[in-house]
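A.B. asks:
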Amino acid sequence: MAVSGFEGFEKRLELHFFPDDPAVLTGMGLRQLDFESLEQVLRAVQCTVVSAVGNHYFDAYVLSE
Amino acid sequence: SSLFVYPTKIIIKTCGTTQLLKSIRPLLHYACHLGLTLCSCRYTRGSFIFPLAQPFPHTSFKEEVIYLEESLPSNLCYRKASVMPCKIPSHSWHVFTASDEAHLVITPHAPDVLYTLEICMTELDRVLARKFFKRPGDEKTGDTAGKEMTELTGIGHINPGSLICDFAFDPCGYSMNGIIDGDRYSTIHVTPEDGYSYASFEFVGSIYDDLDDVAQVLKKVVQVFRPATMSVSTTCTSHEVWTRVGGALEPLGMKCRSCTVDEFPAAGNVVFQTFTTRRK
């Protein structure tokens, strides 16, 4: 095996949800997840947040493995 | 690596040897507490440079598909897994999608019909790749060094006006997320080490955009990295977008070596194209 360097090719997962109660659609939905819960999910993926930005529509996080 | 959180959509994109698919179960758990039910899933990746270094459940695409099948709820009953072939054996494209009945097809009338371009570039130009190394002894933080790289490499000009958050890693490597406008983003990840240099560019656009803009963005991306090999996966319901890719790259000396199309539940069409510089 080649001397293993850092694997560049990414894995990409996209999940779409729908609200059990349509009234929720106007809300923040997944954006209500608190940072502790997000960190729980990222811990399962061996990642941590190093930078973040957001606007009216979504939040974007840069992660480090 | 990057994470994007919308009210009813979440996208996680990770490099290295992360166990990305292990995020599904905790995400379903938290979403359920928010009154949200999963309705569709899409998993994509290129071909690993170091496949033997990948941990469970990513040691093979077969293992990934089994893990996805076991992790997804039964209401996502429309499922498809495919390895889209390519003449360059090390550059196949792996796609798995799953959907429930209601979200099986994205109709062109859907107000938010976005398309996604996932670009993977290898054998970067060495001089350009060196710009993604931190200088020895450089005490700058990842944020500050990241901003410097964004400017130095011209990445800041790919989608002018986007809100960028960027980060430079020690001793090399770079990641950025750009909020373009509204609910669209671009994201770039670079591992510049010689011998296995790699960069990715992902761009979410709307089929109502001026498609010349797509060509402009692609040209700038090639100018930043000058890769010898480039693959482009276009996921969309309309057909025009992917046709613009070749038109943008060929004048830059990138020759199209393969083009495959496939249709997937909840994702519409995936068009996978690979390009190499003529010198190859």
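Here the protein sequences come in this chain order: A and B. Residue 1 is where the first sequence starts when you use my numbering, and the numbers rise one by one after that. Residue 66 is where the second sequence starts when you use my numbering, and the numbers rise one by one after that. Glycine included, each C-beta is placed from N, C-alpha and C at the ideal position.
Drop a sphere of 10 angstroms on the beta-carbon of residue 273 of chain B, count the other beta-carbons inside from all chains shown, and report buried for 16 or more, exposed for fewer.
C.D. replies: Label assigned to residue 273 of chain B: exposed.
A.B. asks: Kindly identify the DSSP beta-bridge partner or partners of residue 205 of chain B.
C.D. replies: Residue 205 of chain B is not bridged to any residue.
A.B. asks: Hey, is residue 72 of chain B's beta-carbon within less than 8 Å of any beta-carbon in chain A?
C.D. replies: True, the Cβ-Cβ gap to chain A drops below 8 Å.
A.B. asks: Mind checking which residues open and close the alpha helix (DSSP H) that includes residue 93 of chain B?
C.D. replies: Run containing residue 93 of chain B: 89-98, per the alpha helix (DSSP H) assignment.
A.B. asks: So, under 8 Å CB-CB, residue 210 of chain B and residue 233 of chain B are touching, yes? Tell me the CB distance rounded to an integer number of Å.
C.D. replies: Contact flag correct, Cβ pair sits at about 4 Å.
A.B. asks: Whole-angstrom Cβ separation of residue 69 of chain B and residue 250 of chain B, contact assumed at under 8 Å?
C.D. replies: With a Cβ gap of about 6 Å, residue 69 of chain B and residue 250 of chain B count as contacting.
A.B. asks: Would you call the stretch 241-255 of chain B in contact with the stretch 223-233 of chain B, where contact means no fewer than 3 C-beta pairs closer than 8 Å?
C.D. replies: A contact exists between the stretch 241-255 of chain B and the stretch 223-233 of chain B.
A.B. asks: Can you tell which of B:188, B:132 and B:180 has its C-alpha closest to the C-alpha of residue 155 of chain B?
C.D. replies: If we check each option's Cα against that of residue 155 of chain B, B:188 comes out closest.
A.B. asks: Alpha carbon to alpha carbon, how far is residue 227 of chain B from residue 246 of chain B? Give it in angstroms, no decimals.
C.D. replies: The alpha-carbon atoms of residue 246 of chain B and residue 227 of chain B are separated by roughly 7 Å.
A.B. asks: On a CA-only basis, which of B:317, B:168, B:146 and B:160 is nearest residue 105 of chain B? Give me that one, please.
C.D. replies: With distances taken between Cα atoms, residue 105 of chain B lies closest to B:168.
A.B. asks: Are residue 96 of chain B and residue 137 of chain B closer than 8 Å when you measure CB to CB?
C.D. replies: It is not a contact, given that the beta carbons lie outside the stated cut-off.
A.B. asks: For residue 14 of chain A, report the span of its beta strand (DSSP E) as first-last.
C.D. replies: Looking at the DSSP string, the run of the beta strand (DSSP E) that includes residue 14 of chain A is 11-19.
A.B. asks: Assuming the contact rule is C-beta atoms closer than 8 Å, residue 147 of chain B and residue 45 of chain A should be a hit. Round their C-beta distance to whole Å, please.
C.D. replies: Between residue 45 of chain A and residue 147 of chain B the Cβ distance is about 24 Å, and since that is not below 8 Å, they are no contact.
A.B. asks: So which of B:291, B:299 and B:259 has the shortest CA-CA distance to residue 271 of chain B?
C.D. replies: Answer by Cα proximity: B:299.
A.B. asks: Within the present structure, is the beta-carbon of residue 230 of chain B separated from the nearest heavy atom of the ligand NAP by less than 7 Å?
C.D. replies: With respect to the ligand NAP, the structure offers nothing, as it holds no ligand at all.
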